[in-house]
Structures are given as structure tokens and as C-alpha cells.
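There are 2 protein chains.
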Amino acid sequence: MTSHKLSVQVAINSWRLVVERANKIFSSLTADELLKEVAPGRNRLIYLWGHLTAIHDAMFPILGLGERLHPELDAIFVSSPDKTGAQFPPAGELRKHWDEVNAKLLSQFASLSADEWLQRHYAMSEEDYAKDPIRNRLAVLLSRTNHMSYHLGQITLAVK
Amino acid sequence: MTSHKLSVQVAINSWRLVVERANKIFSSLTADELLKEVAPGRNRLIYLWGHLTAIHDAMFPILGLGERLHPELDAIFVSSPDKTGAQFPPAGELRKHWDEVNAKLLSQFASLSADEWLQRHYAMSEEDYAKDPIRNRLAVLLSRTNHMSYHLGQITLAVK
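Listed in order, the protein sequences are those of chains A and B.
According to the working numbering, the first sequence is numbered sequentially starting from 1.
According to the working numbering, the second sequence is numbered sequentially starting from 1001.
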């Protein structure tokens, strides 16, 4: 394995570890527990689960990996904050979306070459990328891994 | 810049962005606010600040970058949970440690070559590294970036 390929592997592995940590928590939650807030007046666990699913789903077009699987989640879990009265999908359905999105992402990640990871992501123009080549697919992967860790830290507060 | 060097830059930049986010929050906190809990009965902000400082300080020996600057922080902020009656350093001193540790880390990060980032970290043996070359310095950097994001998600709950 080349050095560059190895460094991409390290980044994908870091993503995978955090997804597994999240899976472990979400898979143990009852319907009642999913309605708990992470702190008084803050987001409920079910909202954060949907939020993470929507943000991960949005990675497909940003990384140039095809269409989203569940664009309908954005209106409920990204554009709107929690507790606006929006109708959430049932937990079983959300779980299916979450598993499906993460499984497909991981298999698509493996299909990119190390050099493709350093190409621009699709939320920026060719021009901006030329000025700042650090804003590539790999940067998106690390940013979304941090985003998941951020909310996982909150989720843990309601669970332990 | 080689591809491999660029991927290391992306990882260091991700670390830097999260440190900056943390700096922005910590620099705005009053002494009273530092005593707030992230959720009822959970860690106080000052504890998490000290905890992050101690964990970052421990990266020097793990990454083979020399001695720790403040090993004395471990007893208060890593081995012990919050609210055990331990005497915390004053906020001004903690701020100094935090800035000093992060500034030195960032300058040391820049001194490592891309290949040195893929060498084993010092919390594991040569033998284990031979079996699993993914457990290298870069993996430690990503893991600590996630750790910081995780607690930042909690800290935000007490701040906003």
C-alpha cells in the first residue's frame, strides 16, 4: 500500500469507528428513550439521529458519489429545528435509512482511489478549489466525522 | 506538494479548525460560566477544559514529540472525574496551559514529514504496528480531533 493510500485508509477507518460507536448507542435505544432530550430544552435523541442520517445522506452528491437516498429528511431534520411539530418517520424506518446510508457510503468510499479523495468536493467551484486544494473530498470526510463526534458527545449525555 | 503531503495537511487543518472553535468558546467564558454543567449532574465546563488540555498534552509523548508540558493535569482532569473536591488551577492558568500546549503541538505537527505521520505512535509496540499499520501518528491525530469535537458538542449545550 502506498503512503498516500494508507493515509486515506486511516481517515476512512476513523469515520468507521465513529459510525460503529453511534450504531452501538442507537441500536440499544427504546422508543421512549429516543424522545429524551440531551439536556433540558435541547434536541431529542430521535431528532439527532435523523439529523445525522440526513447530513450523511447529503454526502453522496457533495462527494460526487451519486444521488441522495433520502432527500426528504432535510426538511424535518436539517432545515427545521427539533420540536416544531413536524411528523418524524417511525424509529424502525429511521434505523433502516441510517443503516442503508452508512453502508452505501462506506462501500462507495472504498471505490475511490487515493487521488480521487484529493479532488475537489462538489459543494465548491473549480476556481475556489484551485486557490485552496485542501478543500477536497478528504476534508469533507473529516469534517463529517467531527460533526458526528460532536453530536455523539451530546447523545451520550441522555443515554448514560 | 505531493498527494500524501496534501492528505496530511487536510488532517492537520481539521485539527486546527476544531481547536479554533474551542478557543472561541473558551475565550468568551466568565469564571461563573466555567462552573456551569453541560447537563444536570454532568461535567462542568472548567473540568472539560482541563480534560482537553491534559489529553492534548499527552499527545507529545504518544506522537514521539518530546516530554509533556503539564503532566500534573492528569491526576485532576483524567484519572479523576469532576466534582471530587480536587483543587483546580485558576482559569487564567488553565487558559495559559491550553494555549501553550496547542501552540506547541501545532508547530511540532508542521515539523513532521508526511512519512513520519505514518510511523507508529508510541503507545503501541513495533510488533503490533507491523500487524496493523493503520495505528500510526495520523490515526492518533484524527482520534484526538474527534475527542475534542465530542466534548465541544457537550460544551456548546452549556454555552448557547
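Glycine is no exception: its CB is placed at the ideal position from the N, C-alpha and C atoms.
As the structure is a prediction and not an experimental result, all values here were calculated from the model.
Could you say which of the options lies nearest to residue i if we only look at CA atoms?
i	options	result
S14(A)	L1106(B), Y1047(B) and R1144(B)	R1144(B)
V1018(B)	F1060(B), H1056(B), L1045(B) and V1038(B)	H1056(B)
E116(A)	H97(A), A139(A), W98(A) and E127(A)	A139(A)
A1031(B)	F1088(B), A1110(B), F1077(B) and S1007(B)	F1088(B)
W1098(B)	I1012(B), A1011(B), K1024(B) and S1007(B)	K1024(B)
K1005(B)	T156(A), N146(A), H147(A) and P133(A)	P133(A)
T156(A)	L34(A), R16(A), I12(A) and A11(A)	L34(A)
Would residue i pass as a contact of residue j if the rule is Cβ separation under 8 Å?
i	j	result
E1100(B)	L1069(B)	yes
S1003(B)	A114(A)	yes
Y1129(B)	I1062(B)	no
A1103(B)	I1046(B)	no
L1112(B)	N1136(B)	no
L1065(B)	Q1108(B)	yes
A1039(B)	A39(A)	yes
L105(A)	M59(A)	yes
H51(A)	F26(A)	no
N999(B)	N146(A)	Lying before the first or after the last residue shown, residue 999(B) is absent from chain B, which here runs from 1001 to 1160.
Here's the rule: buried if 16 or more other CB atoms are within 10 angstroms of the residue's CB, otherwise exposed. What is residue i?
i	result
Q154(A)	buried
L1094(B)	buried
T1053(B)	buried
S171(A)	Since the displayed chain A opens at 1 and closes at 160, residue 171(A) lies outside it and no answer follows.
M1(A)	exposed
L1073(B)	buried
A158(A)	buried
A110(A)	exposed
S125(A)	exposed
L152(A)	buried
A1075(B)	exposed
field: Sufficient close CB pairs (3 or more, under 8 Å) joining the stretch 1079-1090 of chain B to the stretch 1035-1051 of chain B
entry: yes
- prompt: Which runs of the alpha helix (DSSP H), 4 residues or longer, sit entirely within the stretch 46-73 of chain A?
  reply: 59-62
- request: Note down, one range per segment and in chain order, each beta strand (DSSP E) of at least 3 residues found wholly within the stretch 1074-1099 of chain B.
  value: none
query: Which runs of the alpha helix (DSSP H) fall wholly inside the stretch 96-145 of chain A and span at least 4 residues, in chain order?
result: 114-117 and 126-131
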